[in-house]
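Asks: My questions all concern the structure below.
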Amino acid sequence: MFAAKLLPQLFAFFGIAAVVLRGYPERRRPLAVSVGAGFAVGAAVAFFLFRNFPGSFPFELIRTVVGASFFLFWGIAVTALYRSSERALPDASGRSSRLDAVAAPVIALGAAVTAGALAACRFSGNDAPLGPVPALVLLLVIGALLAAAGFFLEAKLPEALTVSRAGTLGGVVALLLLSSSYLVRLDLFSPLSMKVMKGCHDFVHQFMESVLIPDHLFVRPQIWGYIGILFSKEVGFWGGMVIWFTPFLLVAIAVRFELLPSVGHIRQGAQRRKLLAAAIRQRRMKLIVPLLSLVLMAGAAYRSSFPDVEYWDPKPIPVAADPSGDVFIPRKGGEVDLSDGKLHKYLLKGGAREVRFFVMLTPTGKLTVDLDACAICKPDGYGQGEGSVICYYCKTLIPLETVGKPGGCNPVPVAFSEKPDGVHINGVTLVNAWSTTVQSTGAKKEGGK
Amino acid sequence: MTVPTIQTAGLTKGYGDICALKPLDLQVAEGEWLSVMGHSGSGKSTLMNLVGGLDRPSGGSLSVGGQDLSALSEDGLARFRREFVGIIFQQHHLVPYLSAVENVMLSQYFHSVPDEAEARLALERVGLGHRLKNRPGELSGGEQQRVCIARAIINSPKLLLGDEPTGNLDHKSTVMVLELLKELRAEDRFTVVLVTHNEEVAAWGDRTIYLDDGVLVREERLRS
Amino acid sequence: MNRRRWLIKLLLAALAHRTGRTLLLLSVLAMASSLATALGVVSLSMGKRVSEEVRKYGANLVVVPAAARLEVGSGGLNFGAISDPAYLDQGRVEKALASGGLKAERSFHLRGALRMKDADVLVEGVNFADVRRLFPWWQLRGGWPGPGETVVGSDLAQRLKLKAGDTVELTGTAQTLKLKVSGVVVTGGEEDDLFFLALPELQGALGLPGQLTEVRLLVSAEGDTLKDKAAALQPLLPDAKVREVRQIARTSEGLLAKVKLLMTLVTAVVLISAGSSVTGTMSTTVLERSREIGLMKAIGGTRWEVLLIFCGEALLLGVVGGVVGYLLGSGIAVFITRTVFSAAPEFIPWLSAVSLAVSLFLALLGSVGPMISVFKLDPVRSLRGE
Ligand SMILES: Nc1ncnc2c1ncn2[C@@H]1O[C@H](COP(=O)(O)OP(=O)(O)OP(=O)(O)O)[C@@H](O)[C@H]1O
Ligand SMILES: [Mg+2]
Numbered sequence: 000m001f002a003a004k005l006l007p008q009l010f011a012f013f014g015i016a017a018v019v020l021r022g023y024p025e026r027r028r029p030l031a032v033s034v035g036a037g038f039a040v041g042a043a044v045a046f047f048l049f050r051n052f053p054g055s056f057p058f059e060l061i062r063t064v065v066g067a068s069f070f071l072f073w074g075i076a077v078t079a080l081y082r083s084s085e086r087a088l089p090d091a092s093g094r095s096s097r098l099d100a101v102a103a104p105v106i107a108l109g110a111a112v113t114a115g116a117l118a119a120c121r122f123s124g125n126d127a128p129l130g131p132v133p134a135l136v137l138l139l140v141i142g143a144l145l146a147a148a149g150f151f152l153e154a155k156l157p158e159a160l161t162v163s164r165a166g167t168l169g170g171v172v173a174l175l176l177l178s179s180s181y182l183v184r185l186d187l188f189s190p191l192s193m194k195v196m197k198g199c200h201d202f203v204h205q206f207m208e209s210v211l212i213p214d215h216l217f218v219r220p221q222i223w224g225y226i227g228i229l230f231s232k233e234v235g236f237w238g239g240m241v242i243w244f245t246p247f248l249l250v251a252i253a254v255r256f257e258l259l260p261s262v263g264h265i266r267q268g269a270q271r272r273k274l275l276a277a278a279i280r281q282r283r284m285k286l287i288v289p290l291l292s293l294v295l296m297a298g299a300a301y302r303s304s305f306p307d308v309e310y311w312d313p314k315p316i317p318v319a320a321d322p323s324g325d326v327f328i329p330r331k332g333g334e335v336d337l338s339d340g341k342l343h344k345y346l347l348k349g350g351a352r353e354v355r356f357f358v359m360l361t362p363t364g365k366l367t368v369d370l371d372a373c374a375i376c377k378p379d380g381y382g383q384g385e386g387s388v389i390c391y392y393c394k395t396l397i398p399l400e401t402v403g404k405p406g407g408c409n410p411v412p413v414a415f416s417e418k419p420d421g422v423h424i425n426g427v428t429l430v431n432a433w434s435t436t437v438q439s440t441g442a443k444k445e446g447g448k
Numbered sequence: 000m001t002v003p004t005i006q007t008a009g010l011t012k013g014y015g016d017i018c019a020l021k022p023l024d025l026q027v028a029e030g031e032w033l034s035v036m037g038h039s040g041s042g043k044s045t046l047m048n049l050v051g052g053l054d055r056p057s058g059g060s061l062s063v064g065g066q067d068l069s070a071l072s073e074d075g076l077a078r079f080r081r082e083f084v085g086i087i088f089q090q091h092h093l094v095p096y097l098s099a100v101e102n103v104m105l106s107q108y109f110h111s112v113p114d115e116a117e118a119r120l121a122l123e124r125v126g127l128g129h130r131l132k133n134r135p136g137e138l139s140g141g142e143q144q145r146v147c148i149a150r151a152i153i154n155s156p157k158l159l160l161g162d163e164p165t166g167n168l169d170h171k172s173t174v175m176v177l178e179l180l181k182e183l184r185a186e187d188r189f190t191v192v193l194v195t196h197n198e199e200v201a202a203w204g205d206r207t208i209y210l211d212d213g214v215l216v217r218e219e220r221l222r223s
Numbered sequence: 000m001n002r003r004r005w006l007i008k009l010l011l012a013a014l015a016h017r018t019g020r021t022l023l024l025l026s027v028l029a030m031a032s033s034l035a036t037a038l039g040v041v042s043l044s045m046g047k048r049v050s051e052e053v054r055k056y057g058a059n060l061v062v063v064p065a066a067a068r069l070e071v072g073s074g075g076l077n078f079g080a081i082s083d084p085a086y087l088d089q090g091r092v093e094k095a096l097a098s099g100g101l102k103a104e105r106s107f108h109l110r111g112a113l114r115m116k117d118a119d120v121l122v123e124g125v126n127f128a129d130v131r132r133l134f135p136w137w138q139l140r141g142g143w144p145g146p147g148e149t150v151v152g153s154d155l156a157q158r159l160k161l162k163a164g165d166t167v168e169l170t171g172t173a174q175t176l177k178l179k180v181s182g183v184v185v186t187g188g189e190e191d192d193l194f195f196l197a198l199p200e201l202q203g204a205l206g207l208p209g210q211l212t213e214v215r216l217l218v219s220a221e222g223d224t225l226k227d228k229a230a231a232l233q234p235l236l237p238d239a240k241v242r243e244v245r246q247i248a249r250t251s252e253g254l255l256a257k258v259k260l261l262m263t264l265v266t267a268v269v270l271i272s273a274g275s276s277v278t279g280t281m282s283t284t285v286l287e288r289s290r291e292i293g294l295m296k297a298i299g300g301t302r303w304e305v306l307l308i309f310c311g312e313a314l315l316l317g318v319v320g321g322v323v324g325y326l327l328g329s330g331i332a333v334f335i336t337r338t339v340f341s342a343a344p345e346f347i348p349w350l351s352a353v354s355l356a357v358s359l360f361l362a363l364l365g366s367v368g369p370m371i372s373v374f375k376l377d378p379v380r381s382l383r384g385e
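Chains as they are written, first to last, in numbering that gives the first Met the number 0: chain A, 0 to 448; chain B, 0 to 223; chain C, 0 to 385.
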């Protein structure tokens, strides 16, 4: 079970080894060694970080590294496209081979270290089956094995399958992103689309307020509909998609526009055509890795949108307010124990309205009562993962420590009074809080459509 | 002495009980023009098909251009044909819905990439510069055979095979076609193997072999 | 020249060479995919229409005067029309509901015509508090009305060039109302063509105090229990009819189901016969062209390359057939929905993918057998003319 969870990270590492070796075939042996070593170093560093910096710092760091590699790749992709139609000169200066001598080990080591850290992240949670030291040893062995497997299996791939320089980096980055998309805390696509959405939102807001009439009656519903599109989650999603996939497309386009060798000097037509055909075939083979990377990226985006994590998400328990409008949740009742640190969801029905809220004990030792909704998203509710709750709508992870504090996508806190026997909440407060929250997030945004 | 273009040792081909080709030892040197004669059913076409990589021998060894044909896969044989062999058929076998140029380009397509300019040039070389866009149905037998020759030589083969290429032609066309072959050979230096029933046609070659019932019965060297 | 472009040119030349056969295959493929498209368009757009109408109604039980027929829906999907003005007594209905012990959200409606300038407009009297609860999808630009105010449906507002803040004068049989427009409502349904006022005001204007044309109930129950509830309520309201909204839609659903079944059968038959005729045509074509295939192999085409040429032909036919089929199918769908449902179908672009897939699938599946013989064909034998 746990081994299956580790599989994506190991697969990604194996893929990285293979792509790097294929990308720089002149130095296969040293590269294979450095890939294996890099994996080990990455895993060791990650364990060191987990031990010395509990909390989210190590994850932030790894995520930043992966994200940075993606944006670096963006730059490389643009450059590759820019330079694609230059005719490669016979390498007299040796400039490109000297560049390779630096780039190859840097890419190999960097990718392997990150891959190692990603694999180590799997052992960071409380449910990890092994302690840090055995886990590290295990990872070292696996890393060495996989690097060796990559070394031997890559040689079995057809000779004709080649990779361009940018394609190599693209393959590596896609594998890293795929690997990190399997870890919810390291996911990059959701934050990216969230950023795009926020950016768009802010832009539209400012634009609307400064240039166009603000909330005007004459603006027809259809127009509001179109404006609504800019605010919707779709903008974030599609904008994110564009940023996500474009560099790989750029690399593919760069390969497609690579100039064919000049054959004018060859006198015999058949030979000339044969050379051309071979070059075209080679160019087509070079497209394979970028296109595969696109598939991997699609996989990563899918993973990110539908994370394969089981969240603790109990069925809401219906509760009712007593005649004085008081909602009482006993501290211990039935199977529920409010102080077990888990999310406990309740459902209050008042007329046609239903209010979902939850009670939980935060790691700081305080009980908190919050709506099962936040102030900015559609009220899709929350689930509890390790060390955090997740907003199902925007996939933001909210650390357990900050649950109960208002703002952002945090669950909207509700005033309550704690008694020895349980928690008392004013029903009216609850209904009002829900109505105002949901009206501003659910109804209004949907209304635009 | 270079490797012979065709070298067979104990080459046989049987169709069920019928033995179309008895063990045959044959060597054709590079650049040679070989004529193959023999009465009907003596195994001439069978030999051509084997040498051209269209069929597989039942036994013996067959190497063409240094390649052992029996070791090649089905697709390997196809690749051998397009790069090494040009074939001219008695019945032309041109694609009816393609023009003369396009028929030549079909051969280029399978070989590598089509190149119309080169195909035109090849047709001009065989004297059909004025009938480029005509379909086979609009060409005479001799003209069709010349398109066939252009198609056969377009990929610069090392070996040109002709199975009774002049069988359907009158005397004048026959001479024209053979003249053309001779000219082309002088330029491109390919080996020619022609099957014919006609002594006169056979006399254009450097050497003539006579088959009878699948056996090489006689060999006649005209030039060296 | 580019290999791919040359290939396409070759395919087109081959197809053009056998015009009759190409057209036959194309029409067969287009026919099959057009039927599939039409089936998709009809069932999707009409099914959506039916369920939308039901959902738009908001309530699940409706009480109408016994003499009247109920009007639900709009456009071609009219399930019935009011024939006679007949009314329910508000007090009696309330009493019946109370004594029936039915827990339900309710909303009272009185519909009638008022004169505005020189034209009649349809006006509905409602309790806005009920409306807000039962029809949460109403989108109001402006505010909910107070006394002496009205809400205008968006279509009507556009026609009459009304906006919030304007005043209108509506004349009824009993009195004339001067109303301020407090907002414009968008529902996406027939309500967009109505004026809405507070129920008592309309009752006053029409001189029908305490009268209703319709009561909508939202009973929290599903399926059979809903039917039971309707049955239980009926005896308490002898001069009224209690109906489930689902029941009203059922006739339309039934019709749709029948049309769908018929179309499915026809499509299935056409698909099967199309598939077999593709196979037949393709086999004869391949048989006729065996010399050509042999030649292609003899001059150096590998089995796969030659297969690609013939598959390419099938593919090309499939694509063109699919595109034509989509256009044709949309036409058929328009015809069917016009004649059977007297409603316009939706334009569903993604069905073109389905049409394309059907056509391609048929073209490729139909030519599997011939393609195998293309692949296997021996060049020596075929060139000799066997
Ligand atoms: N596919 C086949 N199946 C069975 N027998 C065959 C086949 N092909 C050729 N043969 C037999 O092999 C023998 C040689 O045939 P081949 O075609 O080589 O003769 P040929 O010398 O070319 O005759 P021709 O001058 O008439 O063309 C003949 O007896 C023929 O019947
Ligand atoms: Mg013969």
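Glycine included, every Cβ here is placed at the ideal spot set by N, Cα and C.
Only a predicted model underlies this, so the values are computations on that prediction, with no experimental measurement involved.
Following a CB-centred definition, is B:Ser44 positioned closer than 7 Å to any heavy atom of ligand 2?
Replies: yes
Asks: Is the closest heavy atom of ligand 2 to the C-beta of B:Asp212 under 7 Å?
Replies: no
Asks: Would the beta-carbon of B:Asp54 be found less than 7 Å away from any heavy atom of ligand 2?
Replies: no
Asks: Indicate whether at least one CB of chain C lies closer than 8 Å to the CB of B:Ser62.
Replies: no
Asks: Going by the beta-carbon positions, is the gap between B:Leu224 and B:Leu49 smaller than 8 Å?
Replies: Absent from the model: residue 224 of chain B. The displayed extent of chain B is 0 to 223, so no value can be given.
Asks: Output, in sequence order along the chain, the residues in the stretch 88-117 of chain B whose CB is closer than 7 Å to any CB in chain A.
Replies: Gln107, His110, Ser111, Val112, Asp114 and Glu117
Asks: Would you kindly work out how many angstroms separate the C-alpha atoms of C:Glu123 and C:Leu109, rounded to a whole number?
Replies: Between the C-alpha atoms of C:Glu123 and C:Leu109 there is a straight-line separation of about 6 Å.
Asks: Closest by CA to B:Lys281, which one among B:Met36, B:Arg220 and B:Leu215?
Replies: Only positions 0 to 223 of chain B appear in this structure, which leaves residue 281 of chain B out of reach.
Asks: DSSP three-state call for B:Lys132: helix, strand or coil?
Replies: coil
Asks: Going by DSSP in three states, A:Phe56 sits in which element: helix, strand or coil?
Replies: A:Phe56: helix per DSSP, three-state reduction.
Asks: What three-state label does DSSP hand A:Asp90 in the structure shown?
Replies: No answer about A:Asp90 holds up, because its pLDDT of 49 lies below 50 and its placement is not dependable.
Asks: For the stretch 46-74 of chain B, enumerate the residues whose C-beta is nearer than 7 Å to any C-beta of chain C, in chain order.
Replies: Asn48, Leu53, Asp54, Glu73 and Asp74
Asks: May I ask you to list, following chain order, the residues of the stretch 154-179 of chain A that have a beta carbon less than 8 Å from some beta carbon of chain B?
Replies: Result list empty, no residue passes.
Asks: Distance check for C:Gly330 and C:Phe78, CA to CA, integer angstroms please.
Replies: Residue confidence is low: C:Phe78 scores 41 on pLDDT, short of 50, so the model does not pin down where it sits. Its coordinate-derived value is still stated next. Straight-line Cα distance between these residues: approximately 25 Å.
Asks: By DSSP, does B:Asp18 sit in helix, in strand, or in coil?
Replies: Checking the displayed sequence, the identity of residue 18 of chain B turns out to be Cys instead of Asp. Residue state, collapsed to three classes: strand.
Asks: Hey, C:Val241 and C:Arg105: beta-carbon distance below 8 Å or not?
Replies: no
Asks: Using a Cβ-Cβ distance cut-off of 8 Å, determine whether B:Ala201 contacts chain C.
Replies: no
Asks: At a Cβ cut of 8 Å, what residues of the stretch 303-333 of chain C count as close to chain B, listed as they run along the chain?
Replies: Trp303 and Glu304
Asks: Start and end of the alpha helix (DSSP H) containing C:Ser32?
Replies: Element bounds for C:Ser32: Thr18 to Val40.
Asks: Could you tell me whether the Cβ atoms of C:Gly324 and C:Ser32 are closer together than 8 Å?
Replies: Yes. Within cutoff.
Asks: At a CB-CB cut-off below 9 Å, which residues of chain A make contact with B:Asn167?
Replies: By Cβ distance, chain A contributes nothing, its closest Cβ being about 28 Å from B:Asn167, past 9 Å.
Asks: Report the three-state DSSP secondary structure of B:Leu127 (helix, strand or coil).
Replies: coil
Asks: Kindly confirm or deny that the stretch 176-190 of chain A and the stretch 260-267 of chain A touch, where touching means at least three C-beta pairs closer than 8 Å.
Replies: no
Asks: So, with DSSP's three-state summary, where would you put A:Tyr81?
Replies: helix
Asks: Using the rule of at least 16 other Cβ atoms within 10 Å of the residue's Cβ for burial, across every protein chain shown, is B:Leu225 buried or exposed?
Replies: Because chain B here runs from 0 to 223, residue 225 of chain B falls outside it and cannot be looked at.
Asks: How would you call C:Arg140, buried or exposed, if buried means at least 16 neighbouring beta carbons within 10 angstroms?
Replies: buried
Asks: For ligand 1, is there a heavy atom less than 7 Å away from the beta-carbon of C:Gly274?
Replies: no
Asks: Less than 8 Å between CB atoms is the rule here; does C:Glu287 satisfy it with respect to chain B?
Replies: Using beta-carbon distances, C:Glu287 does not count as an interface residue toward chain B, since no partner is under 8 Å.
Asks: Which chain C residues are close to B:Ile86, counting only those with a beta carbon under 8 Å from its beta carbon?
Replies: Ala297 and Ile298
Asks: At what residues does the beta strand (DSSP E) containing B:Trp32 begin and finish?
Replies: Trp32 to Gly37
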